[in-house]
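Have a look at the structure below before the remarks.
4 protein chains.
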Amino acid sequence: MPPDPRPFVPDDPAFATRVPESFARQGAMATIGARLVAVAPGYCAIDLVPTPALAQQHGYVHAGVVAMIVDSAGGYAGFTLFPATASVLSVEFKLNLLAPAQGDRIVAEGFVVKSGRTLTITRGEVHAESAGRRTLVALMQQTLIAMHGKPDAPAA
Amino acid sequence: MPPDPRPFVPDDPAFATRVPESFARQGAMATIGARLVAVAPGYCAIDLVPTPALAQQHGYVHAGVVAMIVDSAGGYAGFTLFPATASVLSVEFKLNLLAPAQGDRIVAEGFVVKSGRTLTITRGEVHAESAGRRTLVALMQQTLIAMHGKPDAPAA
Amino acid sequence: MPPDPRPFVPDDPAFATRVPESFARQGAMATIGARLVAVAPGYCAIDLVPTPALAQQHGYVHAGVVAMIVDSAGGYAGFTLFPATASVLSVEFKLNLLAPAQGDRIVAEGFVVKSGRTLTITRGEVHAESAGRRTLVALMQQTLIAMHGKPDAPAA
Amino acid sequence: MPPDPRPFVPDDPAFATRVPESFARQGAMATIGARLVAVAPGYCAIDLVPTPALAQQHGYVHAGVVAMIVDSAGGYAGFTLFPATASVLSVEFKLNLLAPAQGDRIVAEGFVVKSGRTLTITRGEVHAESAGRRTLVALMQQTLIAMHGKPDAPAA
Chain F
-17 MPPDPRPFVP DDPAFATRVP ESFARQGAMA TIGARLVAVA PGYCAIDLVP
33 TPALAQQHGY VHAGVVAMIV DSAGGYAGFT LFPATASVLS VEFKLNLLAP
83 AQGDRIVAEG FVVKSGRTLT ITRGEVHAES AGRRTLVALM QQTLIAMHGK
133 PDAPAA
Chain L
-17 MPPDPRPFVP DDPAFATRVP ESFARQGAMA TIGARLVAVA PGYCAIDLVP
33 TPALAQQHGY VHAGVVAMIV DSAGGYAGFT LFPATASVLS VEFKLNLLAP
83 AQGDRIVAEG FVVKSGRTLT ITRGEVHAES AGRRTLVALM QQTLIAMHGK
133 PDAPAA
Chain Y
-17 MPPDPRPFVP DDPAFATRVP ESFARQGAMA TIGARLVAVA PGYCAIDLVP
33 TPALAQQHGY VHAGVVAMIV DSAGGYAGFT LFPATASVLS VEFKLNLLAP
83 AQGDRIVAEG FVVKSGRTLT ITRGEVHAES AGRRTLVALM QQTLIAMHGK
133 PDAPAA
Chain U
-17 MPPDPRPFVP DDPAFATRVP ESFARQGAMA TIGARLVAVA PGYCAIDLVP
33 TPALAQQHGY VHAGVVAMIV DSAGGYAGFT LFPATASVLS VEFKLNLLAP
83 AQGDRIVAEG FVVKSGRTLT ITRGEVHAES AGRRTLVALM QQTLIAMHGK
133 PDAPAA
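Residue numbers (the working numbering), protein chains in the order written: chain F, -17 to 138; chain L, -17 to 138; chain Y, -17 to 138; chain U, -17 to 138.
Written as structure tokens, this is what we have:
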């Protein structure tokens, strides 16, 4: 669910097409069956459906897979506010794992906390949904860097 | 490369078989082509070969995939020192990304810093290898919890 | 400002006296002039007034001083939910610094995200207040451990 | 103890005087009795002697005080490699607390892992020394930013 309206004004109105285009270039997202489910200024949500191919040794979704979707959700939340000529890289993130990632669907959301010219700080939440019940499974705090002059899209 | 000899004495001499057995149960490791390449008391190394199926939008290995192998390397480093009747979960980890993860091979190593009855602290390093050159691509700090009375292996 | 009502029910109704008593035993809080300004189930706020004695090299409040009050705010937020016979220790925390800590007053707030028997996860925010304006200066994510059977208060 | 010789070549040979001058401007370091004990390219050590004025509720040195000295040690380790016209700010750090900070002396060491034009990554260790015995009490991972064109020293 998108957050309350936020005072984020995108530099580039085309962010709504730039994000799915970039997401489509992430082979890793396809490999784990991740889907881009929402994009708004300063916000992004990515989900996946648990399968044995994503499991750790107890059958839950691997913490690293949880990290993959919440790192991307935070990164694209930040990217929505970047100029068209910049791309995004994760500088670092920290993830607390609160409950086993299991259920019908795992949803990662990234929220921009502060967007700067060079650095952007985001926070992330991952929930597991099961039979209409939502459980917080992970909490993230992340630093992104804007690579100015390096557009995300490959040259034509 | 395993670290200098450390004063870690495994509680369970069978750690050397318990780790690969547990690793084999992690479907997520097979999905990304990760391989368990070394296990020693308080140490574990896991590698993979970069492919487009593991890439982020610029073609480098996705930060979350890097997180997957270094989280598992740290977790199994800790697990080598656990009693046979305990399993391991990641409480949290923090990952700094220092350089693009690209090359012939990406190797994640986990090192136990302190092993306690309940909590274990590890650090991790991820290197990219290319034409015999090794580049540090990520640095991790991690907290694990031992789940006593919950063996890693499913009941027969 | 305390958060929206939360479903946190303290195990020990005396938490409202245990927290200030414990805070009073923290010599470090007196050294930096920190004050306990609010305590509620799963919540704690601590503030201080910037002085040169708390400054880093540019005259802002030192990042470590910011860490001191938000680490304590998170710790006491968790402690409000602990049984009377347990004390609290920080396992780890991660702090992002978003803006210079300067102004009339610096306020750190800790919020419990998940309270477990052994581990408690909190998040923290630090705001600078100046002429009625509030700026987010730091964001924290923290893990606490409950030390059962080790009451916070020294034996009489 | 300084690390093994490292391939760090300072941009500004005057780093050895710039660091103590900057340290002397940190009022917060004086307030907690912290002393700059070693500076080398990519390395810095800061210590203090535990007193009740630095304690948390159990009498150990407060985790935030530990954070203060290791944050500064990491920051100055990075600063040794900066040009004379840049100052340093902490972007974020993550601290694991491994053992109570108590003893004759607490020593924080910062080590540069990677020094870039904009961002520098360090790691930190804090040891407690007691009767000649050294115990690791905390482990840090930190991101710094170089503020180019903003010298650390105030204009004369």
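C-beta atoms are modelled at their ideal positions from N, C-alpha and C, and glycine is treated no differently.
Could you tell me the alpha carbon to alpha carbon distance between residue i and residue j, rounded to whole angstroms?
| i | j | result |
| --- | --- | --- |
| residue 13/L | residue 33/L | 12 Å |
| residue 116/L | residue 40/L | 21 Å |
| residue 174/L | residue 64/Y | No statement about residue 174/L is possible, as the shown extent of chain L runs from -17 to 138 and does not include it. |
| residue -13/Y | residue 0/Y | For residue -13/Y, the predicted model reports a pLDDT of 47, less than 50, meaning its position is unreliable; a value from the coordinates is still stated below. Going by the C-alpha atoms only, they are around 21 Å apart. |
| residue 102/U | residue 114/F | 44 Å |
| residue -6/Y | residue 57/Y | 16 Å |
| residue -8/L | residue 4/L | 17 Å |
| residue 59/U | residue 132/U | 18 Å |
| residue 129/U | residue 97/U | 14 Å |
| residue 73/F | residue 127/F | 6 Å |
| residue 53/U | residue 62/U | 14 Å |
| residue 99/L | residue 125/L | 13 Å |
| residue 109/Y | residue 70/F | 27 Å |
| residue 81/U | residue 42/U | 10 Å |
| residue 134/F | residue 6/L | 36 Å |
| residue 11/Y | residue 75/Y | 18 Å |
| residue 8/U | residue 8/F | 45 Å |
| residue -10/U | residue 24/Y | 46 Å |
| residue 31/Y | residue -2/Y | 24 Å |
| residue 68/L | residue 68/Y | 25 Å |
| residue 83/U | residue 83/Y | 26 Å |
What residues in its chain sit with their C-beta under 8 Å from that of residue i, if we drop five residues either side in the sequence?
| i | result |
| --- | --- |
| residue 29/F | 16, 17, 19, 51, 87, 88, 89, 90 |
| residue 79/Y | 45, 48, 119, 120 |
| residue 2/F | 18, 21 |
Strictly below 8 Å CB to CB, what residues from chain Y border residue i?
| i | result |
| --- | --- |
| residue 36/U | 9, 10, 13 |
| residue 121/F | 95, 103, 105, 123 |
| residue 100/L | 100, 127 |
Applying a beta-carbon distance threshold of less than 7 Å, which residues of chain F neighbour residue i?
| i | result |
| --- | --- |
| residue 29/L | Per Cβ cutoff of 7 Å: no residues; residue 29/L is ~14 Å from chain F at best. |
Under 7 Å between beta-carbons, which chain L residues line up against residue i? List them in chain order, please.
| i | result |
| --- | --- |
| residue 44/F | 8, 10, 50 |
Less than 6 Å between C-beta atoms, sequence neighbours within five positions excluded: which residues of the same chain meet that for residue i?
| i | result |
| --- | --- |
| residue 105/L | 93, 95, 123 |
What does residue i touch in chain L if you count any residue whose Cβ is under 8 Å from its own?
| i | result |
| --- | --- |
| residue 47/F | 10, 46, 50 |
| residue -6/F | Neighbours of residue -6/F on chain L: none; closest Cβ ~16 Å, over 8 Å. |
Excluding sequence positions up to five away, which residues of its chain have a Cβ less than 7 Å from the Cβ of residue i?
| i | result |
| --- | --- |
| residue 44/F | 36, 37, 38 |
| residue 149/U | With chain U covering only -17 through 138, there is no way to say anything about residue 149/U. |
| residue 111/U | 85, 86, 87, 89 |
| residue 107/U | 91, 118, 121 |
| residue 55/Y | 26, 27, 28, 90, 91, 92, 106 |
Chain Y partners of residue i, CB-CB under 9 Å?
| i | result |
| --- | --- |
| residue 134/U | 39, 40 |
Is residue i near the ligand MG, with its Cβ less than 8 Å from a heavy atom?
| i | result |
| --- | --- |
| residue 76/F | The model on display carries no ligand, and the ligand MG is accordingly not part of it. |
Go through the segment 0 to 71 of chain F residue by residue and report every complete run of the alpha helix (DSSP H) that reaches 4 residues or more, in order.
9 to 13, 45 to 61
Members of the segment 72 to 98 of chain Y near chain F, C-beta cut-off 7 Å:
76, 78, 80, 95, 96
Listed from N- to C-terminal order along the chain, which residues in the segment 106 to 118 of chain Y have their beta-carbon within a distance smaller than 7 Å of any beta-carbon of chain U?
none
Ignoring anything shorter than 3 residues or poking outside the segment 65 to 117 of chain L, list the beta strand (DSSP E) runs there in chain order.
68 to 79, 87 to 97, 101 to 112
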